[in-house]
């Protein structure tokens, strides 16, 4: 599995765990889903633990969709 496939899978699964009972797609937007500051910290913490990459909560301000955040995570995983 490539870094981009791994990152997309991680982000999709993590969004699904933070927003249960919600259909999560690559274009799902954290803020449109009703994400708040606690969700933001939870999401970033889980992604950091799963990926081993540092991910600051401000990353979601610049990359709010699943696919955008996965692309950012792919870059960090490739470093």
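Residue numbers (UniProt numbering): 1 to 79.
C-beta: ideal position from N, C-alpha, C; glycine also.
Note that the structure is predicted; figures quoted are calculated from it, not measured.
Through-space distance from residue j to residue i, alpha-carbon basis
| i | j | result |
| --- | --- | --- |
| residue 8 | residue 37 | 22 Å |
| residue 18 | residue 2 | 24 Å |
| residue 71 | residue 4 | 7 Å |
| residue 27 | residue 66 | 6 Å |
| residue 32 | residue 79 | 30 Å |
| residue 6 | residue 73 | 9 Å |
Helix, strand or coil at residue i [DSSP, three-state]
| i | result |
| --- | --- |
| residue 22 | coil |
| residue 29 | strand |
Residue closest to residue i, alpha-carbon to alpha-carbon, out of the options
| i | options | result |
| --- | --- | --- |
| residue 29 | 48, 46 and 11 | 11 |
| residue 53 | 21, 20, 16 and 76 | 76 |
| residue 42 | 16, 23, 79 and 6 | 16 |
Test item: CB-CB of residue i and residue j under 9 Å
| i | j | result |
| --- | --- | --- |
| residue 44 | residue 56 | yes |
| residue 40 | residue 14 | no |
Whole-number beta carbon distance between residue j and residue i, since they are thought to touch under 8 Å
| i | j | result |
| --- | --- | --- |
| residue 113 | residue 59 | The shown model of the chain, from 1 to 79, leaves out residue 113, and the question about it has no answer. |
CB contact check: residue i to chain B, cutoff 9 Å
| i | result |
| --- | --- |
| residue 51 | Among the protein chains of the structure shown there is no chain B, as only one such chain exists. |
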